[in-house]
Each structure stands twice: as structure tokens, then as C-alpha cells.
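Top to bottom, those sequences are chains S and Y. Counting from 1, one number per residue, gives the positions in the first sequence under the numbering used here. Counting from 1, one number per residue, gives the positions in the second sequence under the numbering used here. Notes to accompany the following structure.
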Amino acid sequence: SKGKTEVDDEFLEELENILVAADVGVETTLDIVDAITERSKGKTYRSEEELNEMVMEEIRKLLVESSHDHPVDFDAPLSAKPYVIMIVGVNGAGKTTSVAKLAHNYDKAGKKVVIAAADTFRAAAYEQLKIWADRAGVPIIGQGQGADPASVVFDSVSSAVSKGTDVVLVDTAGRLHNKSHLMEELAKIMRVAKKKIPEAPHEVLLVLDGTTGQNAVQQAREFTKFVNVTGLVVTKLDGTSKGGIVLSISRELNLPVKYIGVGEKIDDLQLFDRSSFVEALLE
Amino acid sequence: NLSDKLELTFKKLAGQATINEVNIGIAMRDIKRALLSADVNYKVAKKLVEDIREKSLGESVIKSVSPAQMIVKIVNDELTEIMGGENQPLNLPPKKIPAIVMVAGLQGSGKTTFCAKLAKRLKKNGKNPILVAADVYRPAAIEQLRTLGEQIDVPVFSVEEPDAMKAALGGLEAAKSGAKDVVIVDTAGRLQIDEVMMAEAEALKNRLSPDELLFVVDSMMGQEAVNTAKAFNDRLDFDGVVLTKLDGDARGGAALSIRQVVEKPIKFMSVGEKVDDLDVFYPDRMAQRILG
Ligand SMILES: Nc1nc2c(ncn2[C@@H]2O[C@H](COP(=O)(O)OP(=O)(O)OP(=O)(O)O)[C@@H](O)[C@H]2O)c(=O)[nH]1
Ligand SMILES: Nc1nc2c(ncn2[C@@H]2O[C@H](COP(=O)(O)OP(=O)(O)OP(=O)(O)O)[C@@H](O)[C@H]2O)c(=O)[nH]1
Ligand SMILES: [Mg+2]
Ligand SMILES: [Mg+2]
Chain S
1 SKGKTEVDDE FLEELENILV AADVGVETTL DIVDAITERS KGKTYRSEEE
51 LNEMVMEEIR KLLVESSHDH PVDFDAPLSA KPYVIMIVGV NGAGKTTSVA
101 KLAHNYDKAG KKVVIAAADT FRAAAYEQLK IWADRAGVPI IGQGQGADPA
151 SVVFDSVSSA VSKGTDVVLV DTAGRLHNKS HLMEELAKIM RVAKKKIPEA
201 PHEVLLVLDG TTGQNAVQQA REFTKFVNVT GLVVTKLDGT SKGGIVLSIS
251 RELNLPVKYI GVGEKIDDLQ LFDRSSFVEA LLE
Chain Y
1 NLSDKLELTF KKLAGQATIN EVNIGIAMRD IKRALLSADV NYKVAKKLVE
51 DIREKSLGES VIKSVSPAQM IVKIVNDELT EIMGGENQPL NLPPKKIPAI
101 VMVAGLQGSG KTTFCAKLAK RLKKNGKNPI LVAADVYRPA AIEQLRTLGE
151 QIDVPVFSVE EPDAMKAALG GLEAAKSGAK DVVIVDTAGR LQIDEVMMAE
201 AEALKNRLSP DELLFVVDSM MGQEAVNTAK AFNDRLDFDG VVLTKLDGDA
251 RGGAALSIRQ VVEKPIKFMS VGEKVDDLDV FYPDRMAQRI LG
């Protein structure tokens, strides 16, 4: 990637190292390298930029775009009212903070938001989310530690229906995907939400810690099995990790990355941009 | 898994007269890919495979009736050795009252929960610990530690002001006047590239002079585990590592990379969300897990 205008062994080896170092994973890296080898057979490129653009395009191809029924922009019209978004993921990934960021963005866009504090398990989970809800200036519905998370969701969705709320953001407890009883609980929360609104949740966002390695692919597989994951949020990309795991996840499970977390403050959320992501990946 | 892969590779090679430089290359490539898939850092994996390759070309392997088995054993032994021989316990000087433990690490790695787990374990071993809430930034971080402290009947010290140093030093004073023999200081999650926060961690360390400064790291971390651990170690020279969320199914290659690069002992494994879910570290079990 430094001053080269043709794809030779040295170029491919360097690319391989960059991709592996970015958590792209062995299989996907080899597939990308094969695709580039194939595409560039017998070609010389007029400039380093042209060659790099070809590489970036090959990688960008792997990233699925968000569908129109799950708009990324916060001011876009929503397909239902209330529009229920459930946030799931493993422990410490950044769900609660991401819920706060989403609430803030929807609120800024003029939408009426309510937060459902459905993490009723972890110490001070409600207190943490309450502080965020107050900062975002949106109401929160919760029942504290030990309550039934499904009943929090039911109450929140019911309240949203009666109050004409636009968006319900459901924060859930962190859970490891290999714990079937916890995954079953998540499926149950979804079923209970459907009792009130059959199409709910309209979105299920899986929050992935951007520093996670290949286990993220397994997380995406398992969460998708139990709840219908519709998109990804990748957090902590303000750190040095590149989040390359989304390439494997995107191609295997057809899941788009909707947002990325780039800090601990309420406005540290960005809309996912495939081009800037791939550029940063190759830096 | 790796063992099966190598068996297959050598079945294909079985027809050949000898194990040699050329055909061992395939086995080494399989090993490298297995390590990378387990999140071992690619530079660490490269070096490790070179060592394994050298040993694999030794007399006993070449003459062996089952080279695949021998090579798997070599890989296993290499990994176990890197993971650190035997378990290294917490080093709290018995005459020092109070002994001081401080934790540090990236956001969400499991520090706060670990502090409570450690407090419970020490209390069970006859110690009289106090928890100090020096994460003055995260919403309800103090509340979280308080709630955990109440669960295990261990006092939690905190201050009103968002001043981590004030909390840490205040906690130390509270320990002395309250006849506590161990102080466990929880700190905020931070990025290794956040100069302000790394300076805070360094300042806390310098003022507290902890007997044990532990780097808490999520076992599912990817390639950046090395750079992160190295930065924390260069800055804070920590005494040991705590690996968390090992109740998950991440292979945990980050642990190998960290051991290889900073050469500090892994002292504990966090294996669950409950306050009892803390294990002492077993190097050979970790090696097995990484191999898959
Ligand atoms: N640097 C950085 N830190 C983040 C980001 N998102 C979240 N965090 C931090 O990560 C830590 C964990 O965030 P939480 O929102 O509590 O994560 P969670 O998934 O809700 O955690 P559990 O509910 O315990 O499973 C906190 O210290 C957050 O401030 C991000 O984009 N960048
Ligand atoms: N399954 C599992 N969950 C864990 C383990 N250790 C911690 N957790 C969970 O991981 C999440 C984050 O733990 P915390 O203790 O809040 O992490 P932290 O490092 O203090 O986070 P920050 O202060 O925001 O940097 C919580 O949901 C914990 O319950 C573990 O070993 N296994
Ligand atoms: Mg949370
Ligand atoms: Mg904490």
C-alpha cells in the first residue's frame, strides 16, 4: 500500500497483515486477497491511488447497506408508531451508553422518545440509565434490580402506545451468547413485546465492542438465532481497534452496521460510513 | 480443531519419505491460522510458529511414528510455557496494613465487578477489605460499587467531588482509621491513547504505591490486546493481569499475546457475573482453550 502500482507478492503480504491486524480474521482476509489477486491479474494501475481505490472497493463490497425500512438518519420517517428498538449484546459492550446516544439523537431530531430500562439484573443498571435519560431529556420507564425485564418492556410499549411516543429504546442486560437461559430470556422479552405490538421490536441492534476479536462473529450468529438482529452498533472505535470483524459478520449474516460509538459522551455516535470505515481499516 | 487439522495434513504427508522443510510448511501454516483465528496477535503468532517450526524439525519428530501428535504436543507445550508455568498468587505483604490493590484497564473490561469479587475472596480468607470508588466519571459507577459492596458486606469509600485522587487518598485514610487491612481501588475505564486519563492512572499509582496493580482485560479482545497491554505496562508497570468473561466461548488468544509481550503473570480469571465467579489462573487450561 506504499507507493505501489501493481499487485505483487509483497503488496499482498502487506495487505494480509494489515487486514489480520485489523481483526478481519483469517478466512475473510484470504478471500479478500484472492479476490484482489484475481481482479488485478495482468493489470498495472496508473497510480497508487487507483490501486488503493480498487482494494477499498473490493473490501467495501463486503459491507451490507442498511435497508430502507430501518432508516439510519434520525430525522427519517419511521414505519411504525411507536417504533421499538431493542438493544442487545454481551457484557460491557456499550449498550447502555449507546441507548443514551440514540435517545439523544432521536430527541434532537424532534422525535418523542421513551427509554425502557430492561436491564433488571446488574448492580446500578437502572441508576446508570436514569442519569443518561435525564441528560438526554427523555423519560425512562424502569422497575429496578430484580424486576422482570419482559414486564418492563410490556409497560414501556403500552405507555408508548397510549402517549403517542415515536421511539421506544429498550436497553437490556449484557449476556454472553453461550448462556442459553439468558438467550431464552431475550427471546421471551421479544415475545412479550409482540403481545402489545405484533411487529415489535421493529429493530434489534446488536452492540459489538470494537475491540473484540473473532468471537464477535459467534456473538452475531447466536444473537441472530434467538432474536431477529437487524443491525449492528460497533462501539469504542475511538480506541486503536479497527473493528474489522464486521466484514465477516456482514457477509455471513447480511447485517448492516448502522452506527459506531466513538467516545463516552452522549453525542459520540456516528452514522456508519462504509468508505471512511474501509479507509481507516487500511491505515 | 488444530489437532484434527494436523492429523489430516500429516496423513497427506504420510506417503512422503521424510518430514522436511518443505512439507512442514503446510503444518506450520495451519498452526499459524489456528492461532490467528483464536485472536493471537499476528506478530506473536509469526514468532511463535517460527519457534514451533524449529522444534518440529528436531530428530525426535522426524523419526516419530506420529509426527502430527508430536507437533501438537510441541504447540501445546510452547503455549503452556508462555502462559506462565504455575499460578502466581496475589502478593500482599502480610506486615503492611493496609495492603493496596489497584485495578486499571479499558472500558467495560470488568474492573468494578472484579474489585467486588476480589474483596469477597479476601474477606473469605480472613482479610478485612475496603472498596474505594475512584471511578468518578461513569454514571452510577459509585452506585454500582456500593451495591456490590452491600451484597458482600464490604464497606465502600467514595467522595462527592469528581476527583479520583481525592477518592483514592480518602479511601486509604478511611482504611487506616477503620482498621482495614486491604484497600481495593476501582478506577475508570480508559483508552491507552487517552493521555489525560493515562496520566491520571499514573498519578494514582504514584501516590498510592499499590502492592498489586492489576490490568483487567476482556478475554475476547482481538489484535489490539498487545498494543493496549504494552501501553498500560510501559506507563504503569503493572504487577499482574486479570482475564475476564472466560465463561464465554472466546478462545482467548489475547491472553497469549499479552503474556508474550509484557511477560507479567495472569493472576485471576473472572468466570461469570456473580460475585463468587473468580478463579485462580491455570496456564495449561488456557493453552488448551486457545488451541481449541
Ligand atoms: N471509549 C469509548 N467507551 C465507550 C463507548 N461506548 C461505551 N463506552 C464505555 O464502555 C463502558 C461500558 O459501557 P456500558 O454502556 O455500561 O456497556 P453495557 O453494554 O451497557 O454494559 P452491561 O450492561 O454491563 O453489559 C463504559 O465505561 C462506557 O463509557 C465508546 O464508543 N467509546
Ligand atoms: N459473563 C461475565 N460477565 C462479566 C464478567 N466480569 C464482568 N462481567 C460483566 O461485564 C460487564 C462490565 O463489567 P464492569 O465491572 O462494569 O466493567 P468495568 O471494567 O468496571 O467497566 P467500566 O468501569 O465502564 O470501564 C457487567 O455486565 C459485568 O456484570 C465475567 O467474568 N463474566
Ligand atoms: Mg448496560
Ligand atoms: Mg467500572
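Note that CB positions come from ideal geometry on N, CA and C, so glycine has one too.
DSSP has residue i in a bridge; who is on the other side?
i, result
"Tyr-302 (chain Y)", "Outside the displayed span of chain Y (1 to 292) sits residue 302 (chain Y), for which this structure offers no information."
"Asp-209 (chain S)", "S:Thr-235"
"Tyr-259 (chain S)", "S:Val-233 and S:Leu-271"
"Ile-140 (chain S)", "S:Ile-115"
"Ile-100 (chain Y)", "Y:Val-183"
"Asp-171 (chain S)", "S:Ile-87 and S:Ala-117"
"Ala-133 (chain Y)", "Y:Asp-186"
"Thr-147 (chain Y)", "None; Thr-147 (chain Y) has no bridge partner."
"Met-221 (chain Y)", "S:Thr-212"
"Val-204 (chain S)", "S:Met-86"
"Phe-157 (chain Y)", "Y:Val-132"
"Thr-240 (chain S)", "None, per the DSSP bridge assignment."
"Val-212 (chain Y)", "First, the amino acid is wrong: residue 212 (chain Y) is Glu here, not Val. According to DSSP, which records beta bridges pairwise, Glu-212 (chain Y) is partnered with Y:Val-101."
"Val-241 (chain Y)", "Y:Phe-215 and Y:Ile-266"
Give a yes or no on whether the minimum CB-CB distance between residue i and chain S is below 9 Å.
i, result
"Asn-227 (chain Y)", "yes"
"Ile-193 (chain Y)", "yes"
"Ala-99 (chain Y)", "no"
"Arg-121 (chain Y)", "no"
"Pro-162 (chain Y)", "no"
"Glu-50 (chain Y)", "no"
"Met-221 (chain Y)", "yes"
"Arg-146 (chain Y)", "yes"
"Arg-259 (chain Y)", "no"
"Leu-214 (chain Y)", "no"
"Arg-235 (chain Y)", "no"
"Lys-5 (chain Y)", "no"
Could you tell me whether the Cβ of residue i comes closer than 9 Å to any Cβ of chain Y?
i, result
"Ile-131 (chain S)", "yes"
"Asp-155 (chain S)", "no"
"His-68 (chain S)", "no"
"Gln-270 (chain S)", "no"
"Glu-10 (chain S)", "no"
"Ala-124 (chain S)", "yes"
"Glu-283 (chain S)", "no"
"Lys-101 (chain S)", "no"
"Gly-92 (chain S)", "yes"
"Gln-143 (chain S)", "no"
"Ile-249 (chain S)", "no"
"His-202 (chain S)", "no"
"His-181 (chain S)", "no"
Should residue i go down as buried or exposed, given a rule of 16 or more other Cβ atoms within 10 Å for buried?
i, result
"Ala-280 (chain S)", "exposed"
"Asp-239 (chain Y)", "buried"
"Gly-253 (chain Y)", "buried"
"Lys-111 (chain S)", "buried"
"Ile-193 (chain Y)", "exposed"
"Glu-127 (chain S)", "buried"
"Arg-191 (chain S)", "exposed"
"Ile-266 (chain Y)", "buried"
"Ala-17 (chain Y)", "Interpretation of Ala-17 (chain Y) is limited by its pLDDT of 47, a score under 50 that renders its predicted location unreliable; no figure is taken from the coordinates."
"Gln-151 (chain Y)", "exposed"
"Ala-203 (chain Y)", "exposed"
"Thr-29 (chain S)", "buried"
"Thr-165 (chain S)", "buried"
"Glu-212 (chain Y)", "buried"
"Glu-156 (chain S)", "Looking at the sequence provided, one finds Ser at residue 156 (chain S) rather than Glu. Buried: at least 16 other Cβ atoms inside 10 Å."
"Leu-118 (chain Y)", "buried"
"Ser-248 (chain S)", "buried"
"Thr-44 (chain S)", "exposed"
"Asp-23 (chain S)", "buried"
"Val-90 (chain S)", "buried"
May I ask whether a heavy atom of ligand 5 can be found less than 8 Å away from the beta carbon of residue i?
i, result
"Asp-238 (chain S)", "For the structure depicted, ligand 5 is absent and the ligand set comprises only ligand 1, ligand 2, ligand 3 and ligand 4."
What runs of the beta strand (DSSP E), each 3 residues or longer, lie entirely inside the stretch 75-133 of chain S?
-> 83-88 and 113-118
Those runs of the alpha helix (DSSP H) which lie wholly inside the stretch 258-289 of chain Y and span at least 4 residues | none
Three or more C-beta pairs closer than 8 Å, one from the stretch 167-178 of chain S and one from the stretch 88-98 of chain S: is that the case here?
-> yes
Counting only runs of 3+ residues fully inside the stretch 42-71 of chain Y, write out the beta strand (DSSP E) ranges in chain order.
-> none
Between the stretch 133-146 of chain S and the stretch 191-200 of chain S, do three or more beta carbon pairs fall short of 8 Å?
-> no
Unbroken stretches of the alpha helix (DSSP H), 4 residues or longer, contained in the stretch 12-80 of chain S | 26-39 and 48-60
Please determine if the stretch 38-46 of chain S and the stretch 222-230 of chain S are in contact, where contact requires at least 3 C-beta pairs separated by less than 8 Å.
-> no
With a cut-off of 8 Å, do at least 3 Cβ pairs link the stretch 161-175 of chain Y to the stretch 78-95 of chain Y?
-> no
Would the stretch 27-39 of chain Y and the stretch 50-69 of chain S be scored as touching if the rule is three or more Cβ pairs under 8 Å?
-> no
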